[in-house]
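Here's the structure we're looking at; comments come further down.
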Amino acid sequence: MLNNSKPLSDIERIQTVVKMIPAGQVSTYGRIADYAGLLHKARYVSYALAQASHDSLPWHRVINSQGKIAIAKGNPSYFKQIELLRLEAIQVNHGRVNLKQYLWHPDAATLIFSLSF
DNA sequence: CTACTGACCTAAT
DNA sequence: GATTAGGCCAGTA
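Each residue of the first sequence is one higher than the last, beginning at 40 in our numbering.
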């Protein structure tokens, strides 16, 4: 056996992909789901992040497809996310990020490799 | 089992 | 830009 570990769970696959997002770049819920092999399960990504929104993974680098912060304004995490993004030199205006500028374009082979464990 | 809820997405308006 | 509608799907009550 080349690999005797059990397959990654959906949540583990999502977290693996999120960890691959480089500092200074962002991705979206839908894209993360696609990269993790979970087509059309964008909503599940938000659940997976909420489960582990500790320091363990860069949850702040995940925003919605419109480039906006997905958390409701007024929620402390909303401001926390903006703060974390700005620490990485990502500009946030009116709760919005320029996807053209900061969107992460992962390498397919690297993705497959990272998810194979 | 059904009903409701979301840190969602796309297309249409 | 903003809002709506329909689709999506796991979790929860």
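No residue lacks a Cβ here, since even glycine has one placed at the ideal position from N, Cα and C.
Exposed or buried, which one is residue i when buried takes at least 16 other CB atoms within 10 Å?
| i | result |
| --- | --- |
| R100 | buried |
| L124 | buried |
| T149 | exposed |
| P97 | buried |
| R52 | buried |
| L88 | buried |
| I151 | exposed |
| L120 | The sequence given here has Gln at residue 120, not Leu. With 16 or more Cβ atoms within 10 Å of its Cβ, Q120 is classed as buried. |
Closest by CA to residue i, which one among the options?
| i | options | result |
| --- | --- | --- |
| N132 | H144, G106, S153 | G106 |
| P145 | L47, D73, P46 | D73 |
| N103 | S155, R135, K58, S95 | R135 |
| M59 | Y83, S95, Q90 | S95 |
Where residue i and residue j are concerned, what is the direct C-alpha to C-alpha distance, given to the nearest angstrom?
| i | j | result |
| --- | --- | --- |
| Q54 | L126 | 21 Å |
| A75 | V56 | 6 Å |
| D49 | L77 | 8 Å |
| L142 | K45 | 32 Å |
| K139 | V84 | 22 Å |
- Is there contact here, the segment 112 to 123 with the segment 52 to 71, by at least three beta-carbon pairs under 8 Å? no
- Could I get the ranges of all uninterrupted alpha helix (DSSP H) runs contained in the segment 53 to 124, with 4 residues as the minimum, in chain order? 68 to 74, 81 to 90
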